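Residue numbers (the numbering used here): 1 to 137. Beta carbons are placed, not taken as given, at the ideal position from N, Cα and C, and that holds for glycine. Since the structure is predicted, the reported quantities are computational estimates derived from the model, not experimental observations.
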Amino acid sequence: MRSSIHIVDVDRTETWTRYRKGLCDTCAANCCTMPVEARLADLVRLGLVDAFEAEHEAPKQIAKRLSKAGLIEHFSFRHEIFQLARRAGGDCQFLDAKTRRCTVYERRPDICRKHPQVGPRPGHCPFGPRREAPQRD
(Lines of atoms letter the chains of each structure in order from A and count residues from 1; the text may use other names and numbers.)
(Lines give C-alpha, C1' and ligand atoms only; values in the text may rest on other atoms or scores of the structure.)
Protein backbone atom coordinates (compact mmCIF):
# COMPACT_ATOMS: atom_id res chain seq x y z
CA MET A 1 0.00 0.00 0.00
CA ARG A 2 1.33 3.43 -0.93
CA SER A 3 1.62 6.07 1.81
CA SER A 4 -0.56 9.17 1.60
CA ILE A 5 2.29 11.23 3.06
CA HIS A 6 4.12 13.23 0.40
CA ILE A 7 7.88 13.09 0.97
CA VAL A 8 9.93 15.69 -0.85
CA ASP A 9 13.67 15.70 -1.33
CA VAL A 10 14.94 18.98 -2.79
CA ASP A 11 17.87 17.11 -4.35
CA ARG A 12 15.57 14.64 -6.17
CA THR A 13 13.44 16.64 -8.58
CA GLU A 14 11.22 13.63 -9.31
CA THR A 15 9.71 14.18 -5.82
CA TRP A 16 8.73 17.75 -6.69
CA THR A 17 5.14 18.91 -7.26
CA ARG A 18 3.86 20.66 -10.37
CA TYR A 19 3.54 24.31 -9.39
CA ARG A 20 0.10 25.88 -9.23
CA LYS A 21 -1.09 29.25 -7.97
CA GLY A 22 -1.50 29.39 -4.18
CA LEU A 23 0.85 26.48 -3.47
CA CYS A 24 3.29 28.73 -1.59
CA ASP A 25 0.58 29.72 0.92
CA THR A 26 0.81 26.37 2.73
CA CYS A 27 4.40 25.40 1.92
CA ALA A 28 7.25 24.96 4.40
CA ALA A 29 9.56 26.94 2.06
CA ASN A 30 11.63 23.95 0.93
CA CYS A 31 12.89 25.97 -2.05
CA CYS A 32 14.56 28.27 0.49
CA THR A 33 16.90 25.44 1.47
CA MET A 34 18.38 25.23 -2.03
CA PRO A 35 21.54 27.19 -2.93
CA VAL A 36 20.79 30.76 -4.01
CA GLU A 37 22.88 32.13 -6.84
CA ALA A 38 23.03 35.90 -7.10
CA ARG A 39 24.57 38.41 -9.44
CA LEU A 40 26.07 41.72 -8.37
CA ALA A 41 22.81 43.59 -9.10
CA ASP A 42 21.01 41.21 -6.71
CA LEU A 43 23.56 41.94 -3.98
CA VAL A 44 23.07 45.67 -4.45
CA ARG A 45 19.28 45.25 -4.24
CA LEU A 46 19.70 43.17 -1.06
CA GLY A 47 21.87 45.87 0.47
CA LEU A 48 24.90 43.58 0.82
CA VAL A 49 26.90 45.66 -1.66
CA ASP A 50 26.86 49.41 -2.12
CA ALA A 51 26.15 50.66 -5.66
CA PHE A 52 29.40 52.66 -5.63
CA GLU A 53 31.35 49.56 -4.60
CA ALA A 54 29.66 47.51 -7.34
CA GLU A 55 30.68 50.06 -9.95
CA HIS A 56 34.26 50.64 -8.80
CA GLU A 57 35.41 47.42 -7.15
CA ALA A 58 36.32 44.17 -8.90
CA PRO A 59 33.79 41.36 -8.29
CA LYS A 60 36.66 39.22 -6.98
CA GLN A 61 37.39 41.78 -4.24
CA ILE A 62 33.71 42.08 -3.38
CA ALA A 63 33.52 38.29 -3.13
CA LYS A 64 36.50 38.23 -0.74
CA ARG A 65 34.83 40.78 1.53
CA LEU A 66 31.45 39.00 1.49
CA SER A 67 33.07 35.63 2.09
CA LYS A 68 35.03 36.98 5.05
CA ALA A 69 31.80 38.43 6.45
CA GLY A 70 30.07 35.03 6.06
CA LEU A 71 27.52 36.35 3.55
CA ILE A 72 28.48 34.14 0.61
CA GLU A 73 29.61 30.51 0.40
CA HIS A 74 31.12 30.55 -3.07
CA PHE A 75 31.99 32.83 -5.97
CA SER A 76 32.30 31.73 -9.59
CA PHE A 77 35.00 33.94 -11.10
CA ARG A 78 34.17 32.76 -14.59
CA HIS A 79 30.46 33.65 -14.45
CA GLU A 80 30.60 36.28 -11.69
CA ILE A 81 27.92 34.48 -9.71
CA PHE A 82 27.83 34.60 -5.93
CA GLN A 83 26.27 31.77 -3.91
CA LEU A 84 24.65 33.16 -0.79
CA ALA A 85 25.55 31.63 2.56
CA ARG A 86 22.97 29.52 4.34
CA ARG A 87 22.38 28.87 8.01
CA ALA A 88 23.73 25.72 9.63
CA GLY A 89 20.38 23.95 9.11
CA GLY A 90 20.47 24.71 5.38
CA ASP A 91 17.91 27.53 5.32
CA CYS A 92 18.53 30.70 3.35
CA GLN A 93 19.90 33.44 5.58
CA PHE A 94 16.88 35.59 4.69
CA LEU A 95 14.23 33.01 5.64
CA ASP A 96 12.36 33.64 8.88
CA ALA A 97 12.71 30.33 10.77
CA LYS A 98 9.38 30.69 12.56
CA THR A 99 7.05 31.93 9.82
CA ARG A 100 8.98 30.22 6.96
CA ARG A 101 8.60 33.41 4.90
CA CYS A 102 11.21 35.51 3.10
CA THR A 103 12.32 38.56 5.08
CA VAL A 104 13.58 40.35 1.93
CA TYR A 105 10.78 39.35 -0.44
CA GLU A 106 10.58 42.71 -2.24
CA ARG A 107 14.39 42.74 -2.66
CA ARG A 108 14.94 39.01 -3.29
CA PRO A 109 17.43 37.83 -5.95
CA ASP A 110 16.30 37.24 -9.53
CA ILE A 111 16.64 33.45 -9.17
CA CYS A 112 14.06 33.53 -6.37
CA ARG A 113 11.80 35.84 -8.39
CA LYS A 114 11.84 33.41 -11.33
CA HIS A 115 11.31 30.22 -9.31
CA PRO A 116 9.71 27.86 -10.30
CA GLN A 117 9.65 28.97 -13.94
CA VAL A 118 13.40 28.36 -14.09
CA GLY A 119 15.55 25.99 -12.11
CA PRO A 120 16.39 22.32 -11.94
CA ARG A 121 12.84 21.30 -12.94
CA PRO A 122 10.94 24.19 -14.54
CA GLY A 123 7.26 24.36 -13.61
CA HIS A 124 7.80 22.25 -10.48
CA CYS A 125 8.77 23.03 -6.90
CA PRO A 126 9.84 21.10 -3.81
CA PHE A 127 6.49 21.70 -2.11
CA GLY A 128 6.15 20.37 1.40
CA PRO A 129 3.17 21.29 3.58
CA ARG A 130 3.85 23.40 6.65
CA ARG A 131 3.44 21.55 9.88
CA GLU A 132 1.41 23.37 12.46
CA ALA A 133 2.96 23.79 15.89
CA PRO A 134 1.31 21.64 18.55
CA GLN A 135 -1.18 23.46 20.76
CA ARG A 136 -0.07 24.00 24.35
CA ASP A 137 -2.50 23.80 27.24
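- Of the residues assessed, residue 25 falls on the exposed side of the cut-off, its CB having fewer than 16 other CB atoms within 10 angstroms.
- Burial state of residue 128 is buried, judged by a 10 Å Cβ sphere holding 16 or more other Cβ atoms.
- Taking a 10 Å sphere around the C-beta of residue 69, we find fewer than 16 other C-beta atoms and assign the residue as exposed.
- With 16 or more other CB atoms across the displayed protein chains lying within 10 angstroms of its CB, residue 33 is buried.
- For the pair of segments examined, the segment 59-75 was found to touch the segment 84-97: the number of CB pairs separated by less than 8 Å reaches three.
- Counted as a single uninterrupted DSSP element, the alpha helix (DSSP H) harbouring residue 53 occupies residues 51-56.
- DSSP places residue 71 in no alpha helix (DSSP H); its state is neither H nor E.
- Below 8 Å, too few C-beta pairs join the segment 91-100 and the segment 9-20 to call them touching: fewer than three.
- Rounded to whole angstroms, the Cβ separation of residue 95 and residue 54 is 25 Å, and the two are not in contact under 8 Å.
- Boundaries of the alpha helix (DSSP H) around residue 46: 40-46.
- For residue 27, the pairing in a beta bridge is given by DSSP as 129.
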